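Using the working numbering, the letters of the sequence shown map in sequence onto residues 3 to 341.
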Amino acid sequence: MNNDNGPKKCLGCGVTLQDQNILQEGYITSLENDICQRCFRMKNYGEYQVVTKSNQEYIDILKGVGKTKDLVLYITDLLNLEEDFKEIRTLLPNKMILVLNKKDALPKSVKEKKLIEYLNGMNVKVEEVIVISCSKNYNIDYLMKKIKLYQTSKNVYVVGHTNAGKSSLINKLIKNYSETDQELTMSPLPSTTLNMVNIEINEYLNIIDTPGLVDSGSILNHVDEKMTKKISPKKEIKPRTYQLRKNQSIIIEDLVRIDYVEGDKNSFTVFVSNDLKVKRLLNLMNNEELKDLNKTTYNIKYDEDLVISGLGFIKIVNKGVIDVYINKDVKAFTRKSLI
3 MNNDNGPKKC LGCGVTLQDQ NILQEGYITS LENDICQRCF RMKNYGEYQV VTKSNQEYID
63 ILKGVGKTKD LVLYITDLLN LEEDFKEIRT LLPNKMILVL NKKDALPKSV KEKKLIEYLN
123 GMNVKVEEVI VISCSKNYNI DYLMKKIKLY QTSKNVYVVG HTNAGKSSLI NKLIKNYSET
183 DQELTMSPLP STTLNMVNIE INEYLNIIDT PGLVDSGSIL NHVDEKMTKK ISPKKEIKPR
243 TYQLRKNQSI IIEDLVRIDY VEGDKNSFTV FVSNDLKVKR LLNLMNNEEL KDLNKTTYNI
303 KYDEDLVISG LGFIKIVNKG VIDVYINKDV KAFTRKSLI
């Protein structure tokens with residue numbers, strides 16, 4: 003089972019390959035193959051097999067990366083900027099480029115400069131903040147130049163939460179700058195990459211993909227595969243704005259209910275996938291829809307976002323009080339408006 007470099011790894015997800023147990027990760031019918039059965043079926047048939055790993059395993063990997071002096075690319079999804087970025091940074095004292103991915107999902111009217119200013123305002127030290135779109139090939143050349151500027155060795159690590167687009171970026175780097183035909187497995191579902199995957203882009207650059215940190219509070223962990231695909235934007239989001247008065251509501255599919263319970267007339271702009279149905283209820287007192295979900299009350303200040311982890315965010319212009327009904331395990335929080 004070993005080659006000259008140790009156990010053979012899946013080129014799609016990085017797991018150790020084995021042909022002994024079909025129920026365990028890394029199974030292949032023949033050790034001559036380069037990708038595991040799970041990646042093969044995901045790539046060719048769109049089938050997804052859930053694999054559960056603890057976040058401690060991922061954190062231990064990040065601690066290992068933190069002990070190197072290599073450059074780190076931290077990839078985050080602009081629709082789902084993580085609340086725990088500062089905590090992650092404590093594990094990674096390395097030089098870091100913060101890469102804001104999926105620019106194509108936000109409206110074209112959103113200025114790149116404003117996004118960079120917003121992230122710089124979080125007071126988390128990074129070498130640079132760069133906005134990209136893998137699907138549009140936007141700023142990939144610029145990112146590559148900055149990688150060359152800041153890298154401390156041939157090795158550059160790629161880290162981030164699940165579904166942030168790490169594999170998409172690496173596949174774009176492979177396509178644009180490498181002669182290898184290796185390709186990482188991509189999926190809109192969590193935990194596609196299971197182990198570290200090493201990709202030699204060229205003689206000067208070795209990209210190391212790490213497993214995505216699993217955000218247990220992401221809504222993607224609590225919906226079926228069909229809904230996961232609806233939640234993941236496939237093109238530029240068209241914001242939907244609703245003028246709400248007290249005792250009116252917004253409902254997103256059967257996922258979230260937002261009741262406006264106190265305040266003057268207010269503007270709620272929903273930034274979620276165009277495939278998701280959003281509706282307004284004119285009188286929350288006469289409608290019990292989704293009220294069996296867990297309720298949390300938020301006191302909204304002027305110009306704040308309500309972020310639903312994994313789903314997107316709702317920009318709220320004026321101050322007021324809202325009740326949010328959502329799965330008890332899904333994380334929601336407020337922040338200063340991104341847009």
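Glycine included, each C-beta is placed from N, C-alpha and C at the ideal position. Bear in mind that the values here come from a model prediction, so they are computed numbers and not experimental data.
Continuous beta strand (DSSP E) stretch holding residue i: start and end
{"i": "Tyr76", "result": "73-79"}
{"i": "Glu306", "result": "306-310"}
{"i": "Glu130", "result": "130-133"}
{"i": "Asn296", "result": "296-302"}
{"i": "Thr243", "result": "242-246"}
{"i": "Lys342", "result": "Since the first and last residues shown for the chain are 3 and 341, residue 342 lies out of range."}
{"i": "Leu102", "result": "98-103"}
{"i": "Lys338", "result": "334-338"}
{"i": "Ile395", "result": "Lying before the first or after the last residue shown, residue 395 is absent from the chain, which here runs from 3 to 341."}
{"i": "Thr271", "result": "268-273"}
Integer Cβ distance of residue i from residue j, believed to fall under 8 angstroms
{"i": "Gly322", "j": "Ile341", "result": "No, Gly322 and Ile341 are not in contact; Cβ-Cβ is about 19 angstroms, not under 8 angstroms."}
{"i": "Val292", "j": "Tyr327", "result": "The residue asked about is misnamed: residue 292 is Leu in this sequence, not Val. 5 angstroms between Cβ atoms; contact."}
{"i": "Leu171", "j": "Val128", "result": "16 angstroms between Cβ atoms; not a contact."}
{"i": "Thr164", "j": "Asp86", "result": "Between Asp86 and Thr164 the Cβ distance is about 13 angstroms, and since that is not below 8 angstroms, they are no contact."}
{"i": "Tyr244", "j": "Ile324", "result": "The Cβ separation is near 13 angstroms, so there is no contact."}
{"i": "Tyr140", "j": "Ile132", "result": "Contact flag wrong, Cβ pair sits at about 10 angstroms."}
{"i": "Asn23", "j": "Val67", "result": "Actually they do not touch by this definition, with Cβ atoms about 30 angstroms apart."}
{"i": "Val160", "j": "Lys150", "result": "About 16 angstroms separates the two Cβ atoms, so there is no contact after all."}
{"i": "Leu13", "j": "Ile30", "result": "Not a contact, Cβ separation roughly 11 angstroms."}
{"i": "Lys10", "j": "Leu33", "result": "7 angstroms"}
{"i": "Val309", "j": "His224", "result": "At roughly 16 angstroms, the Cβ-Cβ gap does not stay under 8 angstroms, so Val309 and His224 are not in contact."}
{"i": "Met198", "j": "Ile63", "result": "7 angstroms"}
Residues that DSSP places opposite residue i in a beta bridge
{"i": "Leu215", "result": "His163"}
{"i": "Ile252", "result": "Ile260, Arg282"}
{"i": "Asn204", "result": "Leu207"}
{"i": "Asn157", "result": "Asn208"}
{"i": "Val199", "result": "Asp211"}
Beta-carbon gap between residue i and residue j smaller than 8 angstroms
{"i": "Val126", "j": "Leu94", "result": "no"}
{"i": "Ser220", "j": "Ser311", "result": "yes"}
{"i": "Ile252", "j": "Val272", "result": "yes"}
{"i": "Asn178", "j": "Ile201", "result": "no"}
{"i": "Glu119", "j": "Lys148", "result": "no"}
{"i": "Glu290", "j": "Ser339", "result": "no"}
{"i": "Glu264", "j": "Lys248", "result": "yes"}
{"i": "Lys330", "j": "Asn276", "result": "no"}
{"i": "Ser155", "j": "Asp72", "result": "yes"}
{"i": "Asn320", "j": "Asn268", "result": "yes"}
{"i": "Ile233", "j": "Leu175", "result": "no"}
{"i": "Leu286", "j": "Gln250", "result": "yes"}
{"i": "Gly28", "j": "Val17", "result": "yes"}
{"i": "Ile203", "j": "Phe270", "result": "no"}
{"i": "Thr299", "j": "Ala334", "result": "no"}
Residue range of the unbroken alpha helix (DSSP H) whose run includes residue i
{"i": "Asp143", "result": "142-152"}
{"i": "Thr230", "result": "227-233"}
{"i": "Asn178", "result": "168-179"}
{"i": "Glu92", "result": "Sequence inspection shows Thr at residue 92; the Glu mentioned does not correspond to that position. Looking at the DSSP string, the run of the alpha helix (DSSP H) that includes Thr92 is 87-93."}
{"i": "Ile118", "result": "114-122"}
Contact test: residue i Cβ vs the ligand MN heavy atom, cutoff 7 angstroms
{"i": "Glu89", "result": "The model on display carries no ligand, and the ligand MN is accordingly not part of it."}
Would you check if the segment 71-84 and the segment 95-109 touch, i.e. whether three or more CB-CB distances between them fall below 8 angstroms? A contact is defined here as three or more CB-CB pairs under 8 angstroms, and the segment 95-109 meets this definition with respect to the segment 71-84.
The segment 203-223 touching the segment 239-246, judged by at least three CB pairs closer than 8 angstroms: Too few Cβ pairs lie closer than 8 angstroms, so no.
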